[in-house]
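Working notes, beginning with the structure itself.
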Amino acid sequence: MEEQLSKTEFRNAMARVCAPVNVITTNGPAGRGGFTATAMCSVTDEPPTLLVCMNSRSTQTALFFENRRFCVNVLTQEHKELAGYFAGQRADMEERYAAADWISFRSGSQALSGAIVSFDCRLTEARLVGTHHIFIGEVIDIRSRRDGHALLYFDRNYVHVPTQTGSFGG
């Protein structure tokens, strides 16, 4: 029988995985909400789909389910403070939103005006796995910019990675 890994072992190992920092927003009949996440990735391009993970104990879970849409905003290094606010340093949602400039997609989703890229998604599926909901969203609109350095999280800290340090394949 295999020995089960401890929660601490797993969390410590995952801390060694570098990931972009994102603010995930929602806006709709249930109201406006948002949280900071590194658990985001593409699923497929037919149709364009991505996923994000949200702690099921979050008080905002109902907002995301009721609104049936979310926006993934990939942050730049200039958004370090905003990432903290949406991670819970500011409990009041209006204070979180007041700390940045936002643009509305046609759908009503809130896109961070300075994000590297914002993906407007329609929630198509959700699944509870352990402590987190996996939200799968069909991307219905995209806003992006060509400049900016991604805000990355590694070893429980924000890190700076120089741009254009080289290329793969020679």
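FYI, the working numbering numbers position 40 of the sequence shown as 39, with every residue one higher than the one before it. Backbone N, C-alpha and C define an ideal beta-carbon position, used for all residues, glycine too. This one's a predicted model, so the numbers in the text were calculated from it and none came from an experiment.
The Cβ neighbour count for Val-71, taken over all protein chains shown within 10 Å, is at least 16; the residue is labelled buried. In its chain, beyond the 5 residues on either side, Ile-23, Thr-24, Thr-25, Val-51, Phe-63, Ser-108, Cys-120, Leu-122, Phe-134, Gly-136 have a beta carbon closer than 8 Å to the beta carbon of Phe-69.
Rounded to whole angstroms, the separation of the alpha carbons of His-148 and Gly-83 is 18 Å. In the assembly as shown, Ala-90 is an exposed residue. Its beta-carbon has fewer than 16 other beta-carbons within 10 Å.
A residue is called buried once 16 or more other Cβ atoms fall within 10 Å of its Cβ, and Thr-43, having fewer, is exposed. In terms of Cβ geometry, Ala-99 and Thr-35 do not form a close pair [threshold 8 Å]. In this structure, the CA atom of Pro-47 is about 10 Å from the CA atom of Asp-140.
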